[in-house]
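596 is the number that the numbering used here gives to position 211 of the sequence shown; each next residue is one higher, with no gaps.
The beta-carbon is built from N, C-alpha and C at its ideal position, and this holds for glycine as well.
Remember, predicted model here, so these are calculated numbers, not experimental data.
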Amino acid sequence: MGWLNITEILTQDEQAELLAEAGRTEQKEPVDMTVLLAEMGRLDTAGRPDFFNRRVLPELACTDPVNRDVAVNEAAKLLKPCGVTRQTIRRAVKLSMPEDVEGGEDTGEKEERKSQADILIKLAEAATLFHDDLQEPFSLVEVNGHTEVWPVRSRFFRRWLIGQFYKMTSKAPNGDAISQAMGVIEAKACFDGPEHKLSLRVAEHNGAFWYDLADAGWRAVKITPEGWQVVDSPPVLFRRYKNTAPQVEPRRAKNSLLRLLDFANLRNEEEQILLLVYVVTCLVPGIPHVIPPFHGEKGAAKSTVLRVLRRVVDPAYRELLTIPKEQSEFALMLSHNYMPAFDNLDGLQPWQSDMLCCAATGGGISKRELYTDEDEIILSFLRCPTLNGINLVATRPDFLDRSLLFELTRINPAGRREEAEFWEAFEEARPAIVGGMFDALAGAMRVYPKVKLTGLPRMADFCRWGYAAAEATGTGGEIFLRAYLENIGKANEEAITGSPVATAIVALMRGLPYWEGTAGGLLEALEKVAETEKINTRAKSWPKAANSLSRRLLQVKSNLMDAGIEMVVGEDAHAKNKIFVLRKSAESISATSATSANPYGTRLTACGDTAEILAAEKIPPQRKPSNGAVCGAFGACGDSGGIFPTLSEEEKNNFKAKSAGGGLNGVDDIPF
């Protein structure tokens, strides 16, 4: 990394002016004070004072403060036999300084520091100063023919600035001058510079996707529907952190993305399809990304899979991470890694699960910069986190809604390879795999505008882009959708299994078409079922009182709906109690079979490289808010006709009257 040529920045007049401010001109060579004092030391005692006044004193007045103090101490030793004290020498130096006849030596030092700061500020103009969308100061610096982006407060920019100063003056700036200059440079970047958005690893610009290779030349890959190419000077500004490692040079090869499957120990073809689609969608900027929790017994190469994914999507110097105990440290880790890979987890605390959900769909935190002030640091992120564990660490319903589950099997000893052999083969294939990802993404960009989907799952962007990627790679969008919707069914099963309340409700409704009662009655019924089904009611997630049951039910309501159990919450106006109504939907979906029909009840029609998913009758009717007597706290809000759309008018009126008057006496009064 070389320094800029100062002659390309300043004119000759400007160079002369700055050199004069630094205490010397370009024509005058600096005096070596050590040589001068050595010459004075060779004189006899009588000749030393005169030599000091004529030769040494004028030079001391123009020497920087640090070297001046050293020279004064040496001169005092030489003049001590002559009866001259150090205080006398200092007074003489102060009086000989033309810029400080009245103010003393301290003022002269300040003047010198000020001139150094001015030079540093002038040199910083060689860089382009700007700020990001959070008003943080940054710089664009030309280095060896390419442009680099660095925070003004970074060590790199500080070192670059000091190097420029030394290249011009052959002197080192003092600390005070650097501090003064950095403050002004930050202000210029924030208030005078333009605003630019910075991206980590991927970005979108003028209809093209960009991928940062993070190499020494600061190159990037431009991906368009027509294809991809490596660009030396990309128009997008990328941010790099210490853990951002360079990507290999991508290479074009036919069907090269399929080679990724040689290095991932997946169980079946469906998971292979989902993995290939997943890595392609990771390169799509600005959309929520699914979270793939890998799980399996020891020896299933779980850590290896995470490292393989990291190297093809977001290479890093430290590939596998551990989740820190502090929320702010976790947020910093998510902010600084595009694909943070968390290895060998035993479980997730609720706040850790929530943070990973925020990272996948977009979020962040703010915290005080220092404990002594009110300044905030905002950490925002939209990332592609991955994680693994022997057991499935994703248990919370909201996390599972964002998940793409992969279960790995133990590798047969006969099929094992040594680490060195495995990674040598992978690194040989990696350029082609990366190029294959870009090919697939370019193809997906051609297909994506034509894809029309309805009845989408929660991760709708992944579903649509995944369909386009599957079409582009020749797998087929319909095949991808079947695999993805089956995976959603597995996640829904895990959500119900991981919730004691949901498991108990499924068991309760196993032999009943419907159930009705208060929260207290429902909790009592669930506790009886839990005892029969051996469900642990001492678990932290089991509600201890009726008033906490509503929160637990809200977490699993959508999962129960997917399992074929509808929940409606009404209110008994007379007794002022909430009424919980559970019933099986007309076409219940099994919550205990991993191969059950997908919970979205969809059917597929395809035409060429376009498709449309039409919602089938299995999806429960949407209830519109009204001012009726029954309003569900869990989103089922409407009048009795909205809750029971198949009833006759007489049945609706009878139910309304009993509900309003508090006359519901049991399940026999529920009109279905």
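In the DSSP annotation of this structure, G906 is not part of any beta strand (DSSP E); the continuous alpha helix (DSSP H) holding it starts and ends at A904 to E918.
Note on W613: 16 or more other CB atoms within 10 angstroms of its CB, so buried under the neighbour-count rule. The alpha-carbon of G859 is positioned some 25 Å away from that of E792. Around the CB of C667, 16 or more other CB atoms lie within 10 Å, so the residue is classed as buried. The DSSP assignment places complete beta strand (DSSP E) segments of no fewer than 3 residues inside the region 737 to 819 at 748 to 753, 761 to 766 and 771 to 774, in order along the chain.
If you look at G612, you'll find it isn't in any alpha helix (DSSP H); it sits in the beta strand (DSSP E) that goes G612 to V616. In the three-state DSSP reduction, L939 falls in the helix class (H, G or I). Taken through DSSP and simplified to helix, strand or coil, S884 comes out as coil. Apart from sequence neighbours up to five positions away, the residues of its chain that approach R815 with a beta-carbon distance below 6 Å are V633, ordered along the chain. Where E533 is concerned, the enclosing beta strand (DSSP E) starts and stops at H531 to P536.
Burial check for K942: the Cβ neighbour count within 10 Å reaches 16 or more, so the residue is buried.
Burial state of D617 is exposed, judged by a 10 Å Cβ sphere holding fewer than 16 other Cβ atoms. Beta bridge pairing from DSSP links I964 with G955. G592 and G828 have their C-alpha atoms some 14 Å from each other. Under the three-state reduction of DSSP, V526 is assigned to strand. Between F623 and H581, the C-beta gap is not smaller than 8 Å, which leaves the two residues out of contact.
In the DSSP assignment, I547 falls within the alpha helix (DSSP H) that extends over R540 to T554. E714 and T746 have their C-alpha atoms spaced approximately 19 Å apart. Looking at the DSSP output, F727 shares a beta bridge with L706 and L772. Around W736, the same chain offers Q712 as residues with beta carbons nearer than 8 Å, after the five sequence neighbours per side are excluded. Beta-bridge partners of I608 (DSSP): F594 and W613. Between Y551 and A630 the beta-carbon gap is near 31 Å, outside 8 Å, which marks them as no contact.
Exclusion of the five residues before and after M425 leaves R433, F436, F437, R440, V441, A460 and L463 as the residues of its chain whose Cβ lies within less than 8 Å of its Cβ.
Taking E912 as the centre and dropping the five residues before and after it, the same chain places the C-beta of T922 closer than 7 Å to its C-beta, in chain order. If you check the CB distance, P928 and V954 do not come in under 8 Å. Cα atoms of L642 and R636: separation of roughly 11 Å, rounded to the nearest angstrom. Rounded to whole angstroms, the separation of the alpha carbons of E589 and G671 is 8 Å. Counting along the chain, the unbroken alpha helix (DSSP H) around H721 starts and ends at Q712 to H721. Within a 10 Å sphere around the beta-carbon of D429 sit fewer than 16 other beta-carbons, which makes this residue exposed. For L694, the enclosing alpha helix (DSSP H) stretches over residues K687 to V698.
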